[in-house]
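Below is one structure, written out as structure tokens, with a few remarks after it.
This is the structure in structure tokens:
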């Protein structure tokens with residue numbers, strides 16, 4: 216993944232991938248060079264560069280995950296049920312339990328099925344589409360980055376394509392459970408809980424977790440990241456920063472003061488702190 220102008224690999228410091236108004240991505244260094252020139256045009260489509268330059272968080276998230284290597288693909292021979300038994304391909308689930316009159320739903324997408332992959336001991340079926348999702352996407356193993364029920368989540372590129380195959384998101388977009396914006400592209404996803412975190416929010420969460428020891432409440436108590444905290448509280452409780460209600464994302468919490476910050480407000484505090492440190496330097 217490299218800048219199309221200078222051909223340097225993107226990174227989070229020297230060659231930050233940055234979105235232009237036209238939708239193309241170049242490194243920030245090249246964009247600044249273009250802005251200092253007379254043309255001020257995107258070299259790809261010759262549209263004006265514009266002034267709203269934001270990092271390509273989706274690409275940054277993919278870069279960080281790749282560099283720190285917390286992700287891996289599953290081989291189909293590694294597919295297991297919740298009790299650790301291997302799954303086997305079956306063309307007729309009902310024939311496996313002849314006369315039992317069982318109905319089968321995929322444990323991931325909840326669709327009714329009669330073929331796919333099955334643990335016969337635990338009656339644990341998954342459909343072919345969810346099997347492909349499990350083997351062709353990448354599990355995120357960062358500590359604390361899980362769904363609201365503490366399940367492992369998987370980095371799913373072009374998430375709208377994957378989910379259109381199982382009848383979800385017919386409008387071609389998914390709702391990020393962190394920023395509550397309908398999006399396309401990559402999602403950190405738990406199919407069991409119908410949980411999605413867009414690449415922007417995933418990147419921000421990873422940034423906050425790397426500096427979480429600096430987050431405090433108004434009484435200077437440390438905040439603790441609780442990814443499943445929403446499920447243990449009234450679903451109507453809100454962030455003390457932006458006052459917005461939580462959906463299915465976790466909270467940076469002070470249990471003593473009953474103080475909660477959402478991921479976006481926590482990231483905003485971290486950014487302000489970094490900026491103030493840079494000013495002092």
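Numbering (the working numbering), first residue to last: 216 to 496.
In this text, a Cβ means the ideal position worked out from N, Cα and C, and glycines have one as well.
Any non-hydrogen atom of the ligand ATP within 7 Å of residue i CB
i	result
residue 303	For the structure depicted, the ligand ATP is absent and the ligand set is empty, with no information on it obtainable.
Close-in-space but distant-in-sequence residues of the same chain around residue i (CB under 7 Å, 5 per side omitted)
i	result
residue 380	344
residue 304	332
residue 462	392, 395
residue 323	341, 345, 406, 407
Own chain, CB closer than 8 Å to residue i, minus 5 neighbours either side, in chain order
i	result
residue 396	390, 413
residue 564	The structure shown does not extend to residue 564, since the chain is modelled only from 216 to 496, so the question has no answer here.
residue 250	264
residue 430	423, 437, 438, 467, 476, 481, 484, 485
DSSP state of residue i mapped onto helix, strand, coil
i	result
residue 423	helix
residue 306	coil
residue 412	strand
residue 388	coil
residue 486	helix
residue 295	strand
residue 403	strand
residue 274	helix
residue 324	coil
residue 478	helix
residue 175	One cannot answer for residue 175 here, as it falls past the ends of the chain, which runs 216 to 496.
residue 317	coil
residue 268	coil
residue 394	coil
residue 342	coil
Cβ shell of residue i (< 6 Å), same chain only, five flanking positions each side left out
i	result
residue 477	454
residue 457	480
residue 393	412, 416, 464, 478
residue 255	264
residue 439	468
residue 246	233
residue 510	Examination of residue 510 is not possible in this model, given that the chain is present from 216 through 496 alone.
residue 471	436
Proximity of residue i and residue j at Cβ, strictly below 8 Å
i	j	result
residue 355	residue 368	yes
residue 332	residue 302	yes
residue 225	residue 418	no
residue 326	residue 335	no
residue 373	residue 400	yes
residue 330	residue 307	yes
residue 442	residue 359	yes
residue 297	residue 339	yes
residue 231	residue 242	yes
residue 294	residue 364	no
Chain D within 8 Å of residue i, Cβ atoms only
i	result
residue 419	The structure shown contains no chain D; it is built from a single protein chain.
What ranges does the beta strand (DSSP E) occupy inside the region 358-384, keeping only unbroken runs of at least 3 residues that lie completely in it? 369-371
Validate contact between the region 416-436 and the region 474-490 using beta carbons, cut 8 Å, 3 pairs: yes
If we require 4 or more residues per run, which alpha helix (DSSP H) segments fall completely within the region 231-256? 243-250
Pair every Cβ in the region 259-270 with every Cβ in the region 228-237, then say whether three or more of these pairs are closer than 8 Å. yes
Please confirm if the region 429-441 is in contact with the region 402-417, defined as three or more CB-CB distances below 8 Å between the two stretches. no
Which residue spans inside the region 425-475 form an unbroken beta strand (DSSP E) run of at least 3? Annotation: the region 425-475 contains the following complete segments of the beta strand (DSSP E) (minimum length 3 residues), in chain order: 439-441, 466-469.
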